[in-house]
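Colleague:
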Amino acid sequence: MENNRSSFGSNFGFLMAAIGSAVGLGNIWGFPYKMGRSGGFTFLLVYLLLAVFVGLIIMVSELALGRMTRMSPIDAYQAVSKKYKWIGWLAIAAPFLVMTFYAVLGGYVLQYMSLNLAELSFDLSNIYGQQITGAATFSAMLANPFGCFFFTLLFMLICMVIVMGGVSGGIERFNKIGMPALAAMLVVVIVRSLTLPNAAEGLKFMFVPGYAIKGGFIDQAPDLISVLGTAGGQMFFSLSLAMGAILTYGSYLGREENLVNNSITIVFADTVIAIMAGIAVIPAAVANGINNGIPVNEIALNGPKLLFVTLQDVFSHMGHAGPLFGLIFYLLVLLAAISSAISLMEAIGAHWIDKDLQAGKGDNRKKITINVSILITAAALIVAVDGLGSNHIHPAALLGIQGSVPDFIADWLDFMDCWSEGIAMPLGAMLMALMIGWERSPKLILDEVGHGNHSSFFAKFYTLCIRYVAPVVMAFVLAGQMIGFFGGPDILWYALSFAALAGFAFFTINGREKEE
Ligand code: PHE
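Written out as structure tokens, the structure is:
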């Protein structure tokens, strides 16, 4: 079977694909606003620590599990664990749920790209008699379910064609061009952003400790524990961890490649791009707000508004060059979204592609990818039509619940996000760490990455993190996500998360057969 299973053409191609998976909407949109909301510099510091102590460790583990088994997530977990063979199913359900909203967001980005292209080609202000504001564009877009679904479909078609092209012929080829192009465009946008008057205020907000409050952006700093939850969740999503994607890509990587160095490169590149995206987005949004007389605490640096309202305003106020920068910006966001979406789709489809290969039915990648795409698009329909809750079909409305409702039923995007990013991801990572650290042995992974010698620094570091640091951090992340989606009381969610950790730890260690 190994002979006809797909693989990457080169280590560079693999790196571009894995970095492409990691660099996505999470970096360009989630990172900047979470950093802003969670007190700028503190968030950055916590994020970096978590990336090294947990992100890197889980990245190495997933790549090793994939490469060692040469299997897709479901089979890989079945092959290595008696107690946790079912985690693989989490790692296939989660990417499916993520895709149901990722595709819709990709569709939004396509719409904004088209809008800026149209403005560049025609002077739309002559038609509308006034400048089109970001807020007006955004609400008009959300109120048009047909348009949103159409662009979701278009986004899915683009991704489908790439995945149908195969691991090296489609995914690798797209990323080898797409990722360097994305980085170059990001630099162009950063230069424009930083040369706007008052851009320095935005930079201070990001990098000067305490400035978010001193400068009047937010009233109150979040406590350290909630920063830990937010930064941890963001870091995991941004690195594409615990969703099967990295494991699947690892299963296509050659035996001779260095997994530790590759993991360091991926984590480093993803973090640098996230910080660069912050520098591209936040100073521009802040500068534009100040220059137009908006009080700093009213500039929308939060949620979907940042990307689709605030930034579109930045481009609209830039004069003739605005639509050009708008086009470049939304194109780069599109590349980031596509390169992540295709890794999610690959993680889902790989299971069935492998199954057919093993059964001697040949390579059915094309057919399977089409089926996966149809299923995702069908489920994405409700997210697209929902318009972030603005069209009154959100879960709370369907359940007849009125008034202020917890986030997870406020709109379909959050509903899908809650089960995937909120629950499956932190839980999956926690269980994976327990599985490797306590059911099997860290040696399982260390042997695969060529550090079987327990005395090496990396072996010690890895063992410590996978056994103790990662499970505990994941309990904090799980609690943080629950608080965000379901609402307080915080103490309840901390208690539940740590009870879950204790329960699973007991389950793992109890009756364990020691591996030697
Ligand atoms: N890492 C991607 C982002 O930052 C999202 C993603 C998560 C992609 C999990 C694949 C797997 O947007």
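According to the numbering used here, the stretch in the sequence shown is residues 1390 to 1905, in order. Heads up, the beta-carbon is just placed ideally off N, CA and C, and yes, glycines get one too.
With a 10 Å radius around its C-beta and 16 neighbouring C-beta atoms as the bar for buried, classify Leu1546 as buried or exposed.
Modeller: As a first step, residue 1546 is located in the sequence shown; it is residue number 157 there, counting from the start. Flag for Leu1546 reads exposed.
Colleague: Who are the Cβ neighbours of Ile1688 in its own chain at under 7 Å, not counting the five residues just before and after it?
Modeller: Translated into the one-based positions of the sequence shown, residue 1688 becomes position 299. If the five residues before and after Ile1688 are omitted, its C-beta is found closer than 7 Å to the C-beta atoms of Ala1674, Val1675, Gly1678 and Thr1699, all from its own chain and listed in chain order.
Colleague: Within the same chain, show all residues whose beta-carbon is closer than 8 Å to that of Leu1506, passing over the 5 residues directly before and after it, in chain order.
Modeller: Residue 1506 sits at position 117 when you count from the first residue of the sequence shown. Result list for Leu1506: Pro1712 and Leu1716, in chain order.
Colleague: Within 10 Å of its beta-carbon, does Phe1432 have 16 or more other beta-carbons around it, so buried, or fewer, so exposed?
Modeller: Along the sequence shown, one-based indexing puts residue 1432 at 43. Classification of Phe1432: buried, given that the 10 Å Cβ count is 16 or more.
Colleague: Suppose only complete runs of 4+ residues qualify. What are the alpha helix (DSSP H) ranges in the region 1582–1640, listed by chain order?
Modeller: 1588–1596, 1600–1603, 1613–1627 and 1634–1639
Colleague: If you measure from the CB of Ala1629, is any heavy atom of the ligand PHE nearer than 7 Å?
Modeller: Here residue 1629 corresponds to residue number 240 of the sequence shown, with the count starting at 1. Note that residue 1629 is Ser in the sequence shown here, rather than Ala. Indeed, a heavy atom of the ligand PHE lies less than 7 Å from the Cβ.
Colleague: Nearest to Phe1442 by CA position, among Leu1617, Phe1401, Ser1427 and Gly1429, is which residue?
Modeller: Translated into the one-based positions of the sequence shown, residue 1442 becomes position 53. The shortest Cα separation from Phe1442 among Leu1617, Phe1401, Ser1427 and Gly1429 belongs to Leu1617.
Colleague: Classify Thr1897 as buried or exposed, calling it buried when 16 or more other Cβ atoms lie within 10 Å of its own Cβ.
Modeller: Against the sequence shown, residue 1897 aligns to sequence position 508. Its Cβ being crowded by 16 or more others within 10 Å, Thr1897 is buried.
Colleague: State whether the region 1868–1882 contacts the region 1843–1854, with contact taken as three or more CB pairs (one from each stretch) at a distance under 8 Å.
Modeller: no
Colleague: Quick one: is the Cβ of Phe1626 within less than 7 Å of any heavy atom of the ligand PHE?
Modeller: By 1-based counting over the sequence shown, the position of residue 1626 is 237. Within the cutoff, so yes.
Colleague: Return the residue from the list Phe1887, Leu1816 and Arg1754 that minimises the CA-CA distance to Val1556.
Modeller: The sequence position of residue 1556 within the sequence shown is 167, counting from 1. Nearest option by C-alpha distance: Arg1754.
Colleague: Nearest by alpha-carbon distance to Val1498: which of Gln1701, Ala1739, Ser1793 and Val1861 is it?
Modeller: In the sequence shown, counting from the first residue as 1, residue 1498 sits at position 109. Closest by alpha carbon: Gln1701.
Colleague: To the nearest angstrom, how far is it from the Cα of Asn1760 to the Cα of Tyr1491?
Modeller: Reading the sequence shown from its first residue, position 371 is the one you call residue 1760. Reading the sequence shown from its first residue, position 102 is the one you call residue 1491. Spanning the two alpha carbons is a distance of roughly 18 Å.
Colleague: Give every residue of the same chain whose Cβ lies closer than 8 Å to the Cβ of Val1794, excluding the five residues on either side of it in the sequence, and list them in chain order.
Modeller: Position 405 of the sequence shown, counted from the start, is the residue given in the question as residue 1794. Answer for Val1794: Ala1785, listed in chain order.
Colleague: Whose C-beta lies closer than 7 Å to the C-beta of Leu1509 among residues of the same chain, with five residues either side of it excluded?
Modeller: Translated into the one-based positions of the sequence shown, residue 1509 becomes position 120. These residues qualify, in order along the chain: Pro1712, Leu1713 and Leu1716.
Colleague: Determine the closest residue to Ala1891 out of Phe1401, Pro1586, Gly1869 and Met1863, with distance taken between C-alpha atoms.
Modeller: Start at 1 with the first residue of the sequence shown, and residue 1891 comes out as number 502. Nearest C-alpha to Ala1891 among Phe1401, Pro1586, Gly1869 and Met1863: Met1863.
Colleague: Please report the distance separating the alpha-carbon of Leu1630 from that of Ala1818.
Modeller: Taking the first residue of the sequence shown as position 1, residue 1630 is located at position 241. Taking the first residue of the sequence shown as position 1, residue 1818 is located at position 429. Using only the alpha carbons, I get a separation of about 8 Å.
Colleague: Can we say the region 1565–1572 touches the region 1404–1418, given the rule of at least three CB pairs closer than 8 Å?
Modeller: The region 1565–1572 vs the region 1404–1418: in contact.
Colleague: By the 10 Å Cβ neighbour count, where 16 or more other Cβ atoms means buried, how is Tyr1857 classified, buried or exposed?
Modeller: The residue you call residue 1857 lines up with position 468 of the sequence shown. Tyr1857 is exposed by the Cβ-count criterion.
Colleague: What residue from Phe1887, Met1734 and Ser1886 has the CA that sits closest to Cys1548's CA?
Modeller: Position 159 of the sequence shown, counted from the first residue, corresponds to residue 1548. Looking at the Cα atoms, Met1734 is the closest of the given residues.
Colleague: Output the distance between the C-alpha atoms of Asp1612 and Phe1847, rounded to the nearest integer angstrom.
Modeller: As a working mapping, residue 1612 is identified with position 223 in the sequence shown. As a working mapping, residue 1847 is identified with position 458 in the sequence shown. In a straight line, the C-alpha of Asp1612 is about 32 Å away from that of Phe1847.
Colleague: Determine the burial state of Ser1728: buried for a count of at least 16 other Cβ atoms within 10 Å of its Cβ, exposed for fewer.
Modeller: Along the sequence shown, one-based indexing puts residue 1728 at 339. When all chains shown are included, Ser1728 counts as buried.
Colleague: Identify which residue in Gly1751, Leu1575, Ile1481 and Ile1872 has its Cα closest to the Cα of Leu1720.
Modeller: The count along the sequence shown starts at 1 and reaches residue 1720 at position 331. Taking only the C-alpha atoms, the option nearest Leu1720 is Leu1575.
Colleague: Here's a check: name, in chain order, each residue in its chain whose Cβ is nearer than 6 Å to the Cβ of Thr1458, leaving out the five neighbours to either side.
Modeller: Taking the sequence shown and counting its residues from 1, one reaches residue 1458 at position 69. The answer, listed in chain order, is Ala1465 and Ala1468.
Colleague: Along the chain, which unbroken stretches of the alpha helix (DSSP H) at least 4 residues long are found entirely within the region 1664–1745?
Modeller: 1700–1705
Colleague: Should Asn1416 be listed as close to the ligand ZN, given that the test is whether its C-beta is under 7 Å from any heavy atom?
Modeller: You won't find the ligand ZN in this model; what it holds is the ligand PHE.
Colleague: Does the beta carbon of Pro1815 fall short of 7 Å from some heavy atom of the ligand PHE?
Modeller: Mapped onto the sequence shown, residue 1815 falls at position 426. Flag unset: Cβ of Pro1815 not near the ligand PHE.
Colleague: Excluding the five sequence neighbours on either side, which residues of its own chain have a C-beta within less than 7 Å of the C-beta of Val1838, listed in chain order?
Modeller: Your numbering for residue 1838 matches position 449 in the sequence shown. Val1449, Ala1453, Leu1648 and Val1649, listed in sequence order.
Colleague: Using the C-alpha atoms, what's the distance from Thr1522 back to Val1703?
Modeller: As a working note, residue 1703 is residue 314 in the sequence shown. As a working note, residue 1522 is residue 133 in the sequence shown. In this model, Val1703 and Thr1522 are separated by some 9 Å (Cα to Cα).
Colleague: Report the option in Met1530, Phe1420 and Ile1447 whose CA atom is closest to the CA atom of Ala1663.
Modeller: Here residue 1663 refers to the residue found at position 274 of the sequence shown. Residue Phe1420 is the option with its Cα nearest to Ala1663.
Colleague: Look at the alpha carbon of Thr1489 and the alpha carbon of Leu1583, and state the distance between them as a whole number of angstroms.
Modeller: Position 100 of the sequence shown, counted from the start, is the residue given in the question as residue 1489. Position 194 of the sequence shown, counted from the start, is the residue given in the question as residue 1583. For Thr1489 and Leu1583, the distance between alpha carbons rounds to 35 Å.
Colleague: Measuring alpha carbon to alpha carbon, tell me which residue in Leu1479, Gly1455 and Phe1538 is nearest Gly1496.
Modeller: Here residue 1496 is taken as the residue at index 107 of the sequence shown, counted from 1. Comparing Cα-Cα distances from Gly1496 to each of Leu1479, Gly1455 and Phe1538, the minimum goes to Phe1538.
Colleague: Would you call the region 1621–1638 and the region 1810–1824 touching, i.e. three or more CB-CB distances under 8 Å?
Modeller: yes
Colleague: Quick check on Val1443: does DSSP put it in helix, strand or coil?
Modeller: Stepping through the sequence shown from its first residue, residue 1443 is reached at position 54. Looking at Val1443 - three-state DSSP - the assignment turns out to be helix.
Colleague: Determine the contact status of Val1412 and Ala1725, defining contact as a CB-CB distance below 8 Å.
Modeller: One-based indexing of the sequence shown puts residue 1412 at position 23. One-based indexing of the sequence shown puts residue 1725 at position 336. Their beta carbons are under 8 Å apart, which means Val1412 touches Ala1725 by this criterion.
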